[in-house]
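Asker: Questions regarding the structure given below will be posed in turn.
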Amino acid sequence: MRLPITGERLTVLSPGPYVILLGAGVYEIHIEGELVVHRAIGSTSHRLAGESGPEDLSSAVDGVIVSATVESNGELRIDLDSGHRIVVEPDQYFEAWHVTDPGRYLVACMPGGELAVWPKDA
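First residue of the sequence shown? That's 5 in our numbering, and the numbers climb one at a time after it.
This is how it looks when you write it as structure tokens:
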């Protein structure tokens, strides 16, 4: 499934204690699971909400989204123009992530990877 955030600039809105909140135009990406950044060059980093890391999260995820997809198992993949790939895998026990245009659109990765989708035209 393709998400309608391609072409938007990805930014960190809040690295909060329980949720990492990213922005992509009018869309918000709420990450409650583990966020993994695969770099074009260099190491891979893992980040949980509320966890401090060796680097600033905003520099790792800053860029224009060139592809945003959800795999059949619920895995979220966002590719940036920097060459970095952001991945959030589903969690067995809780909602790992959701993408929303508040009041208009929502895709959520439910526990176990099942997707709940409320499209814009619903």
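Think of the CB as a built atom: it goes at the ideal place given N, C-alpha and C, for glycine as much as any other residue.
1. With a threshold of 6 Å on Cβ separation, who are the neighbours of GLU12 within its own chain once the five nearest residues in sequence on each side are excluded?
2. Can you find the residues in the same chain that come closer than 6 Å, C-beta to C-beta, to ASP105, ignoring five residues on each side of it along the sequence?
3. Whole angstroms is fine: what's the gap from PRO58's alpha carbon to VAL40's?
4. Can you find at least 3 beta carbon pairs, one from the stretch 41-51 and one from the stretch 84-94, that sit closer than 8 Å?
5. When you compare the CB positions of THR10 and ALA64, do they come within less than 9 Å of one another, or not?
6. Report buried or exposed for ASP83, applying the criterion of at least 16 other Cβ atoms within 10 angstroms of its Cβ.
Answerer: Looking at the coordinates:
1. Hits under 6 Å: ALA28, GLY29, ILE69.
2. These residues qualify, in order along the chain: VAL30, TYR31.
3. Per-residue confidence for PRO58 stands at a pLDDT of 48, beneath the threshold of 50, marking its modelled position as unreliable; the derived number appears in the next sentence. The straight-line gap from Cα to Cα measures roughly 14 Å.
4. Result yes; three or more Cβ-Cβ pairs closer than 8 Å.
5. Going by beta carbons, THR10 and ALA64 fall outside the 9 Å limit.
6. Of the residues assessed, ASP83 falls on the buried side of the cut-off, its CB having 16 or more other CB atoms within 10 angstroms.
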